[in-house]
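Inspection log for the structure reproduced underneath, given as structure tokens.
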Amino acid sequence: MKGLTLLLLLLLCFLQYQLWIGNGSLTEVNHLQQTRAELREQNQRLSERNESLAAEVMDLKHGKEALEERARSELGMIRANETFYQIVDRENLSSIDGD
Numbered sequence: 172m173k174g175l176t177l178l179l180l181l182l183l184c185f186l187q188y189q190l191w192i193g194n195g196s197l198t199e200v201n202h203l204q205q206t207r208a209e210l211r212e213q214n215q216r217l218s219e220r221n222e223s224l225a226a227e228v229m230d231l232k233h234g235k236e237a238l239e240e241r242a243r244s245e246l247g248m249i250r251a252n253e254t255f256y257q258i259v260d261r262e263n264l265s266s267i268d269g270d
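So, in structure tokens, the structure goes:
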């Protein structure tokens, strides 16, 4: 009977070790699940970015409106016979003058 009790106690200790510390332990599984969730979020963000960039490429290849919009916003270009007006807030102006 003592031998059986000792055997069961050793088996219990071995199983507890595997559960908490060994390969495939609960902490390792939790860490892997957290890593998987982070990678899925990152993949989702990258997929959305790829779709956005693909749409922008299609617009640039096929649409003159997108090209014109980009030239106006990023390069500050205007058409002939247009006048460019820039409106500056007084708060922003005073912070620029103060520097």
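Numbering (this note's numbering), first residue to last: 172 to 270.
Even glycine gets a Cβ: it sits at the ideal position worked out from N, Cα and C.
> Can you tell me whether DSSP reads R250 as helix, strand or coil?
Replying inline: Residue numbering aside, residue 250 sits at position 79 when the sequence shown is read from its first letter. Looking at R250 - three-state DSSP - the assignment turns out to be coil, as it is neither helix nor strand.
> Where do the ends of the alpha helix (DSSP H) carrying D230 lie?
Replying inline: Translated into positions along the sequence shown, residue 230 becomes position 59. 197 to 233 is the extent of the alpha helix (DSSP H) around D230.
> Counting along the chain, where does the alpha helix (DSSP H) carrying G174 start and finish?
Replying inline: As a position in the sequence shown, residue 174 is number 3, starting the count at 1. That run of the alpha helix (DSSP H) goes 173 to 191.
>> At the level of alpha carbons, what is the spacing between A251 and L224?
In response: In the sequence shown, residue 251 corresponds to position 80, counting from 1. In the sequence shown, residue 224 corresponds to position 53, counting from 1. Answer to the nearest angstrom: the Cα atoms are 30 angstroms apart.
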